[in-house]
Every structure is written in C-alpha cells, then in structure tokens.
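Quick mapping for you: the protein sequence lines, in order, are chains E and B.
Counting from 1, position 215 in the first sequence corresponds to residue 215 in my numbering; the numbering is continuous, with no gaps.
Counting from 1, position 113 in the second sequence corresponds to residue 113 in my numbering; the numbering is continuous, with no gaps.
Just so you know, even glycine gets a beta-carbon here, dropped at the ideal spot from N, CA and C.
First comes the structure, then the notes that go with it.
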Amino acid sequence: MKPAAFDYVRAEHLDEVLDGLTREGGDARIIAGGQSLMPMLNMRLARPKTLIDIMRLPELARIERKGGSVTVGAGVRQATLLAWPELGKTLPLVAQALPWTGHVQTRSRGTVCGSIAHADPSAELPLVLSALGGEVHLRSTKKRRRVPAGEFFAGMMVTARADDELIEAISLPANQRACAFREVARRHGDFAIVACAAVATDKGVRLAIGGVADMPVTREFPRLESGALDDVLNTFAYELDARDDVHASARYRRDLVRLLGAELIREVLS
Amino acid sequence: MSRLPADQHHAVRLMLNGKPCSGDAEPRMLLTDFLRHEIGATGTHVGCEHGVCGACTVEIDGKLARACLTLAVQVDGCAVRTVEGLAPAPDRLGLLQAAFKRNHALQCGFCTAGILMSLDHFLREVPKPSEQEVRDLLTGHLCRCTGYTPILRAAMEAAAELAGEPAKEKSDA
Ligand code: FES
Ligand code: FES
Numbered sequence: 001m002k003p004a005a006f007d008y009v010r011a012e013h014l015d016e017v018l019d020g021l022t023r024e025g026g027d028a029r030i031i032a033g034g035q036s037l038m039p040m041l042n043m044r045l046a047r048p049k050t051l052i053d054i055m056r057l058p059e060l061a062r063i064e065r066k067g068g069s070v071t072v073g074a075g076v077r078q079a080t081l082l083a084w085p086e087l088g089k090t091l092p093l094v095a096q097a098l099p100w101t102g103h104v105q106t107r108s109r110g111t112v113c114g115s116i117a118h119a120d121p122s123a124e125l126p127l128v129l130s131a132l133g134g135e136v137h138l139r140s141t142k143k144r145r146r147v148p149a150g151e152f153f154a155g156m157m158v159t160a161r162a163d164d165e166l167i168e169a170i171s172l173p174a175n176q177r178a179c180a181f182r183e184v185a186r187r188h189g190d191f192a193i194v195a196c197a198a199v200a201t202d203k204g205v206r207l208a209i210g211g212v213a214d215m216p217v218t219r220e221f222p223r224l225e226s227g228a229l230d231d232v233l234n235t236f237a238y239e240l241d242a243r244d245d246v247h248a249s250a251r252y253r254r255d256l257v258r259l260l261g262a263e264l265i266r267e268v269l270s
Numbered sequence: 001m002s003r004l005p006a007d008q009h010h011a012v013r014l015m016l017n018g019k020p021c022s023g024d025a026e027p028r029m030l031l032t033d034f035l036r037h038e039i040g041a042t043g044t045h046v047g048c049e050h051g052v053c054g055a056c057t058v059e060i061d062g063k064l065a066r067a068c069l070t071l072a073v074q075v076d077g078c079a080v081r082t083v084e085g086l087a088p089a090p091d092r093l094g095l096l097q098a099a100f101k102r103n104h105a106l107q108c109g110f111c112t113a114g115i116l117m118s119l120d121h122f123l124r125e126v127p128k129p130s131e132q133e134v135r136d137l138l139t140g141h142l143c144r145c146t147g148y149t150p151i152l153r154a155a156m157e158a159a160a161e162l163a164g165e166p167a168k169e170k171s172d173a
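See below:
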C-alpha cells in the first residue's frame, strides 16, 4: 500500500513536461490532483519511473470561454470548476453531474482532466464529456491534436492518448439545449452503479450511459412514442453488456438503464 | 525544473498548524507517513490508503485533502493543518471536539481526526448548514463503530454554538 520508488519532477515550464514525456514515454506519468493516480500508485497498479507534477504551471489552470465552447485546462481542480460563476448557465450538465464526482474532500484536489485521463467507466466526467460531444486537447513536442470524446475513450481505463502526449485541456460545447443527469450509487460520491446523461439534439436526444460498459456509451434517440421508446431502450440496455459485480447485478444495471433512460429522455424532450 | 531522484531524501519545509516545520522524504513518501513517522504528528490516522475512508483528511493551503493521496514532496512550501491544530491547548478541547465528546460521536476514534478536519473546514465555510449538507459532507468518511447519527448531532450542535458566538471558540475540556 505504498508506492514503488519514482523520481519526482516539479515542472516549472510546459516544455519540461512535454520534453519529459517525449524522453521517457510510458515510464513517466503526469500527476495533477492525484485523486485517481495516487490510489493506483499506492496499490502498485501503476509503477512509473518518473512522476511529472504539473500543478505549478499557471497556464494550465485556466477555464476559458471562447465562442461556443469552454476550455478547461489540465490544472483546473474539480472544486474550482464547480465554483466557476458561469457554470450553471454555460455548462448546466456539468453543474448537475460534478457534485456526484467523488466527495468534497477529493474534489478539492482532483482535476477535471485527471478524471478524463483515468477513464474509469463509472466516473461522471468522462460520461459528461461523451454526452456533450466534447474534445480532448492532446499535445506532444511534435504536434497538437484534438480528439472527440467518442474516439478518446477506448476501453476500461484505456484512452487514445499516446505515451508522449499530455492532456492539455478538454473543451465542452457551451449553452447546450435541455439536458439532465441522474445517478444511482451505493452512497453519494461513490462510483456509479449506473450514471446517465441526456442532451437534446436537433433530431431528438443523445443519451450517455456510464457504469455499465467498459467506457461511456452514447446513443442518439429520435422522438418516439413511449411504447417504442421502451423497446429501443431495452435493446440498448442489453447491448451495453452489463456484468455482475459486488455492487450490483447485471440485471439491476439493465433495469436502471431502462428506467433512468426513459425518465431523462422524457425530461429533456418535455 | 527540479527533479528529485527516487533514491534520495529531500528536505520538505511546511507550515504545520501555523508553525514552521521540516523533515526529509523520498519522493514516494505519502504525506500521512511523513506526518506520522517523520514529524511524529500521529493525530492524522491512516485507514485505507487509497482515498476512500477519510481517516487521513487534513487541510492543505486551506483546502481539504486526503493525506494518503498526497506526496510529502508536494506540500513543500504549503500550509498544512491537522487535528493537532484544533485544540486551543494540549489539555483543552476545541468547541467541535467538545461537541463530539458530549454527543458520544466517537468510540474507537479511528475515523474521528479526519471527520473533525472536514467539519472544522466546512463549518467555517457554511456557518449554518442544513442537516442534509452535513450528511453530504460525511459521505466522504467511513465510521465503522459509532454510527453516523451521533456524529451528525455533534456537528449540528457545534454549528449552532458557533453561530451563537461567532467571535471565538470556547473550550470545554
Ligand atoms: S487513509 Fe486516506 S482516505 Fe483512507
Ligand atoms: S469511531 Fe470507530 S470508526 Fe468511527
């Protein structure tokens, strides 16, 4: 329950971070708030040779509204985003979901991008990024690229980030239309058994489900009568390939997908 | 840039409960172990060591933090508050601590240090909390023997007392 040995680098310039990642690749890990990585280190599920701390880089600690989107830098803590005065108006889905991410005592340290990097299938922030169709901004010494959420999450804690890339920020479309979030967990703040987010689109609703498959899964639903809606939600619930674990059975998870899904879709379209 | 090699000890200087304090730490040393073994401040408890139980909760630069999810080298230059900072004198209890004692809000005391730190921080930010808000705060802590009802009662009582006398914490040892 103690981390294996590593060198610790306190970066003072972004270049040091990018150079470090280029030089050391998968042997180096970025540490920001540490709320996902530190448990992995303590349990020795991760044993990097080097930790690069990015929390003393002010350029990464910014929340910026540009045109139709909001960019949240890699150093922005969850509590900071939650306290951002424009959050409710600009990113209402985030305002609803973020209080479910961990606890007060972990949101005070944990970063928004850290949770995205960790890509836990039951975490709220990857779900919200997927539901909103946001993007992950990746940067290495060689290039910068933006990856849509749907391509970024590749499996259980697996992402499209290459070993030499830093998640510099994420961006989320601002002022979505109607949206809603609901979660069922053992206790508030625990990982979701099922978390569900819905966003109104031109043709109907985009529904995103977390906690069931290996990563957040989104699906577009047209406006449907309630009988037809129940049928497509049932099919969707089975396609997610739910599994039994200590927290809940697969069957209960499918039930929640049908129930929460129908509730949210109605709420968003009403 | 500073690179601290894995196999060496590095000086860590911080303000601990308002007093300057320093010790040595390898990069991999957790803040919990640094406080307890290097400094000898054993008030901060260690339960799960992966951020779940809340026993190790402290304040770093005015923000709540799990000491078990923090490296000692990360708090170099920071101000850290631990449960040792709550009592006005070694043989006196702070107001919150006294409310815990009156309400039997602890039995073994394992979880208590962390819960006190969360509540102390929270009651300064939210002086008149609802019961629901305190319950929400307590979801960040596990208590395996007292049960949460007396803890909640103690917290509400301390909040009421603080609201009545905002100027100063009274002690009652
Ligand atoms: S010991 Fe830190 S949260 Fe359990
Ligand atoms: S008092 Fe024993 S665990 Fe809480």
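Per DSSP, the beta bridge partners of proline 20 of chain B are B:Met15.
For alanine 197 of chain E, the uninterrupted beta strand (DSSP E) run begins and ends at 192-200, by DSSP.
Looking at the backbone, the Cα of aspartate 76 of chain B and that of isoleucine 60 of chain B are separated by about 11 Å. Around the CB of glutamine 35 of chain E, 16 or more other CB atoms lie within 10 Å, so the residue is classed as buried. According to the DSSP assignment, serine 69 of chain E belongs to the beta strand (DSSP E) that extends over 69-73. Annotation: valine 70 of chain E to lysine 101 of chain B spans about 48 Å, alpha carbon to alpha carbon. Under the 8 Å criterion on CB atoms, glutamine 78 of chain E is classed as non-interfacial with respect to chain B. Apart from the 5 residues on each side of it in sequence, methionine 40 of chain E sits with its Cβ closer than 7 Å to the Cβ of Ala46 in its chain, given in chain order.
DSSP places aspartate 230 of chain E within a helical segment (H, G or I) once states are collapsed to three. Taking a Cβ-Cβ threshold of 8 Å, the residues of chain B close to alanine 4 of chain E are Arg28, in chain order. Contact between threonine 44 of chain B and threonine 32 of chain B holds, since their C-beta atoms are separated by about 6 Å, short of 8 Å.
The beta carbon of isoleucine 54 of chain E lies closer than 7 Å to those of Ala11, Val17, Ile30, Ala32, Leu60, Ala74, Gly75 in the same chain, with the five residues before and after it left out.
Relative to ligand 2, even the nearest heavy atom lies 7 Å or more away from the CB of phenylalanine 153 of chain E. The alpha-carbon separation between proline 150 of chain B and methionine 156 of chain B amounts to approximately 10 Å. With a threshold of 8 Å between beta carbons, glycine 75 of chain E makes no contact with chain B. If you look at proline 150 of chain B, you'll find it in the alpha helix (DSSP H) that goes 148-164. Contact annotation for threonine 106 of chain E against chain B: Gly51, Arg66, Leu69, Gly140 [CB-CB distance below 8 Å, chain order].
Within chain B, the residues whose beta carbon sits less than 7 Å from that of aspartate 53 of chain E are Gln74, listed in sequence order. In terms of Cβ geometry, proline 173 of chain E and leucine 132 of chain E form a close pair [threshold 8 Å].
The straight-line gap separating the alpha-carbon atoms of alanine 67 of chain B and serine 22 of chain B is approximately 16 Å. In the structure shown, leucine 57 of chain E falls within a coil segment according to DSSP collapsed to helix, strand and coil.
Burial is judged here by how many other beta carbons sit within 10 angstroms of a residue's own beta carbon; aspartate 244 of chain E has fewer than 16 and is exposed. With a threshold of 7 Å, the Cβ atom of threonine 146 of chain B counts as near ligand 2, since some heavy atom of the ligand is closer than that. DSSP places histidine 103 of chain E outside both helix and strand once states are collapsed to three, so it counts as coil. Between glycine 25 of chain E and chain B, the shortest Cβ-Cβ separation is not below 8 Å. Relative to ligand 1, even the nearest heavy atom lies 7 Å or more away from the CB of cysteine 108 of chain B. Judged by DSSP in its simplified three-state form, proline 129 of chain B adopts coil rather than helix or strand. For threonine 146 of chain B, there are no C-beta contacts with chain E under 8 Å, since the nearest C-beta of that chain is about 17 Å from it.
Interface annotation, arginine 36 of chain B: not in contact with chain E, CB-CB separation never under 8 Å. For the segment 119-131 of chain B, the residues whose beta carbon sits under 8 Å from a beta carbon of chain E are, in order, Phe122.
Distances between the C-beta of cysteine 48 of chain B and the heavy atoms of ligand 2 are all 7 Å or more. Of the heavy atoms belonging to ligand 2, at least one sits nearer than 7 Å to the Cβ of cysteine 143 of chain B. Cβ-Cβ distances below 7 Å link leucine 125 of chain E to Thr101, Val112, Ser115, Ile116 in the same chain, with the five nearest sequence neighbours on each side left out; the list follows chain order. Residue environment analysis places serine 226 of chain E among the exposed positions, since fewer than 16 neighbouring C-beta atoms fall within 10 angstroms of its C-beta. Residue E:Arg56 holds the alpha-carbon nearest to the alpha-carbon of methionine 1 of chain B among E:Arg56, E:Glu151, E:Phe191, E:Ala95.
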